[in-house]
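Take a look at the structure below.
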Amino acid sequence: MNINLTLIGQMITFVVFVWFTKKYVWAPIIAALEERKTKIADGLAAAEKGKHELELAESRAVDVLKESKAKAQEFIAQAQKRADEIIDEAKGTARIEGERIISAAQALAEQEMSEAKEKLRKEVGKLAIAGAEQILMREVDASAHKEVLEKLGAQL
Amino acid sequence: MSTETITSSEYIKHHLTNLTFGQHPDGHWGIAHSAEEAKEMGFWAIHLDSMFWSIFLGALFVFFFSKIAKRATAGVPGKFQNFVETIVDFVDDSVKDSFSAKNDLVAPLALTIFVWVFLMNLMDLIPVDVIPWLTQKLHIAHYMKVVPSTDPNVTFGMAIGVFLLTLYYSVKVKGVGGFLGELTLQPFEAKNPLVKLLLIPVNFFLEFVSLISKPISLSLRLFGNMYAGEMIFILIALMYSAGWAMGTFGGFLQFIWAVFHILIITLQAFIFMTLTIVYMDMAHTDHVDH
């Protein structure tokens, strides 16, 4: 229990150990702890960023989906419209064609009818002349009565 | 010297005597062979056991911690690194709680004190007779006090170290004038210069006592606790020589006291560290402003 040189010795030892701890224990450990702290902070920030980006991407995906859906709808509508148009067009063409065919047939029929009428008239003219010859019992000079005959033919 | 033949008081005295190296009254240097001889050596003697154990334990601490610190990674820490980091974190939190100024020395100082004092106190848990018996059998030393913190030289050595640091930083932070002003111009303050002058001796007396009481209370608290704890272990150890019934009871008592002592040694190390931090904080802050 005597106070002696041990006191001085202990003080020197104390100073040496504190110096050593400061330099070789405290500094590296605190540096490692700080580094880990920043690492963790960075990691957390990155995770947060990733989460945010995921959210953005999700919303973007929803947008794209919506857009494409709308586009598809539009396409379908357009196609529908086009189909209707084509059908209408076809219908129109068909009608015109039909009408054309009908009118052609009618024209042909009329032509044939008028040709038949002409034939008939000529036939009737001949018959009338033959009849008249019979009645007059003499030959009718066709050339002399040509005017009369033609007038008669036109009346028929 | 066999334990059967010595009396209880001799046994206790033997346990409380340091292995002292110094100059004998007849002029030659050597190891003291009794407590009286050690006393006669005066100031110019050294306690070999206290010095050996404190340096050994301190070296153990810095060796282990610096080895871990060298390999410390910011990645996933290993088992030992985790252990060291826990202590470092604990000390760092304590420093951040009580120390408001900026000084890179305080935290390593606190760490050194905490672990070193803890290890020195921990020696108390080794049964009191084991190491002295070993050194006697191996003819190394007759006296062997293994708990350095039961040596007032050791606790005073550290407390004075802390005290000198607080003085140094007081002067460094506040200047010589600020430091002297703190010693002489408070707690009693006066506007009148004459009254101020008259109050200086009173203030100085009060402040000087409180200044000096810091290292003394710091070291005596640790020393007293550890000395008393050691004393109780020695008294319990005495029971082993009083028959097997008393011996068994003594063993039981020793276990109980050791368990309780785990609390004390940790607490004392913690208190020494915390007070050091507080004293350093006081050295860095101006009291006059308050």
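Top line first, the protein sequences correspond to chains A and B. The first sequence begins at 1 in the working numbering and counts up one residue at a time. The second sequence begins at 1001 in the working numbering and counts up one residue at a time. By construction, the Cβ of each residue, glycine as well, lies at the ideal position given by its N, Cα and C atoms.
Would you kindly check if the distance between the Cβ of residue j and the Cβ of residue i is under 8 Å?
i, j, result
"Leu1235 of chain B", "Gln1268 of chain B", "no"
"Met1120 of chain B", "Pro1132 of chain B", "no"
"Lys1102 of chain B", "Pro28 of chain A", "no"
"Phe1099 of chain B", "Asp1286 of chain B", "no"
"Tyr1279 of chain B", "Lys1214 of chain B", "yes"
"Thr1135 of chain B", "Ala1283 of chain B", "no"
"Ala1035 of chain B", "Lys1013 of chain B", "yes"
"Ser1094 of chain B", "Thr1248 of chain B", "no"
"Ser1219 of chain B", "Ala1159 of chain B", "yes"
"Leu1111 of chain B", "Val25 of chain A", "yes"
"Ala1074 of chain B", "Gln1081 of chain B", "no"
"Asp6 of chain A", "Val1062 of chain B", "The identity of residue 6 of chain A in the sequence shown is Thr, whereas the question assumes Asp. Taking 8 Å as the Cβ cut-off, Thr6 of chain A and Val1062 of chain B do not qualify as a contacting pair."
"Ala116 of chain A", "Leu152 of chain A", "no"
"Glu1085 of chain B", "Leu33 of chain A", "yes"
"Thr1266 of chain B", "Phe1083 of chain B", "no"
"Met11 of chain A", "Gly1175 of chain B", "no"
"Asp1151 of chain B", "Asn1018 of chain B", "yes"
"Phe1188 of chain B", "Val1202 of chain B", "yes"
8 Å is my cut-off, CB to CB: does residue i come that close to chain A?
i, result
"Val1259 of chain B", "no"
"Lys1013 of chain B", "no"
"Ala1101 of chain B", "no"
"Phe1088 of chain B", "The residue you asked about is not Phe; residue 1088 of chain B is Val in the sequence shown. So, interface residue."
"Leu1218 of chain B", "no"
"Thr1073 of chain B", "yes"
"Lys1079 of chain B", "no"
"Leu1222 of chain B", "no"
"Lys1039 of chain B", "yes"
"Val1137 of chain B", "Here residue 1137 of chain B turns out to be Lys, not Val, going by the sequence shown. No, Lys1137 of chain B does not count as interfacial toward chain A."
"Lys1096 of chain B", "no"
"Ala1141 of chain B", "no"
"Ala1069 of chain B", "yes"
"Leu1267 of chain B", "no"
"Leu1105 of chain B", "yes"
Using beta carbons (cut-off 8 Å, strictly below), is residue i in contact with chain B?
i, result
"Leu7 of chain A", "yes"
"Ala70 of chain A", "no"
"Ala32 of chain A", "yes"
Straight-line CA distance for residue i to residue j?
i, j, result
"His1142 of chain B", "Ile1264 of chain B", "29 Å"
"Gln1186 of chain B", "Trp1044 of chain B", "39 Å"
"Ala45 of chain A", "Pro1127 of chain B", "54 Å"
"Asp1089 of chain B", "Gly1161 of chain B", "24 Å"
"Gly1177 of chain B", "Asn2 of chain A", "37 Å"
"Glu118 of chain A", "Ala94 of chain A", "35 Å"
"Leu54 of chain A", "Lys66 of chain A", "18 Å"
"Ala1190 of chain B", "Glu35 of chain A", "52 Å"
Short of 7 Å in beta carbon distance, which residues of its chain neighbour residue i, apart from the five on each side in sequence? Order them along the chain.
i, result
"Trp1257 of chain B", "Ile1232, Phe1233 and Ile1236"
"Val18 of chain A", "none"
Using a Cβ-Cβ cutoff of less than 6 Å, which residues in the same chain neighbour residue i once the five nearest sequence positions on both sides are dropped?
i, result
"Val1171 of chain B", "Phe1179"
"Phe1295 of chain B", "The question about residue 1295 of chain B has no answer here: the residues shown for chain B are numbered 1001 through 1290."
"Glu1207 of chain B", "Leu1183"
"Leu1238 of chain B", "Ser1008"
"Val1154 of chain B", "Ser1050, Ser1054 and Pro1148"
"Leu1253 of chain B", "Ile1236"
"Ser1241 of chain B", "none"
Closer than 8 Å by C-beta to residue i: which residues in its own chain qualify, once you throw out the five before and the five after it? Chain order, please.
i, result
"Val1147 of chain B", "Trp1053, Met1120, Asn1121, Met1123, Asp1124, Met1226 and Glu1230"
"Val1091 of chain B", "Ala1107, Ala1110, Leu1111, Phe1114 and Met1273"
"Met997 of chain B", "Outside the modelled stretch of chain B, which goes from 1001 to 1290, sits residue 997 of chain B, for which no answer is possible."
"Ala79 of chain A", "none"
Less than 7 Å separating the Cβ of residue i from some heavy atom of the ligand SAM?
i, result
"Glu1189 of chain B", "Looking for the ligand SAM in the displayed structure turns up nothing, as the structure carries no ligands at all."
Using the beta-carbon of each residue, which ones in chain E are nearer than 7 Å to residue i?
i, result
"Glu1085 of chain B", "The displayed structure is made up of protein chains A and B, and chain E is not among them."
inquiry  = Which residues of the stretch 1043-1065 of chain B have a Cβ closer than 7 Å to any Cβ of chain A? Give them in chain order.
reply    = Phe1043, Trp1044, Ala1045, Ile1046, His1047, Ser1050, Met1051, Ser1054, Ile1055, Gly1058, Val1062 and Phe1065
Check your understanding: If you measure beta-carbon to beta-carbon, which residues of the stretch 72-90 of chain A are closer than 9 Å to chain B?
Key -> Those would be none; no residue qualifies.
Residues of the stretch 9-26 of chain A whose Cβ lies closer than 7 Å to any Cβ of chain B, in chain order
Gly9, Gln10, Met11, Thr13, Phe14, Val15, Phe17, Val18, Phe20, Thr21, Lys22, Tyr24, Val25 and Trp26
- According to a CB-to-CB cut-off of less than 8 Å, which residues of the stretch 43-68 of chain A neighbour chain B? Those would be none; no residue qualifies.
Point to revise | Residues, ordered as in the chain, of the stretch 1108-1119 of chain B that lie near chain A by beta-carbon distance below 9 Å | key: Pro1108, Leu1109, Leu1111, Thr1112, Ile1113, Val1115 and Trp1116
Next item on the list: Check distances from the C-beta atoms of the stretch 1150-1174 of chain B to those of chain A and list, in chain order, the residues that come in under 7 Å.
Entry: Asp1151, Pro1152, Asn1153, Val1154, Phe1156, Gly1157, Met1158, Ile1160 and Gly1161
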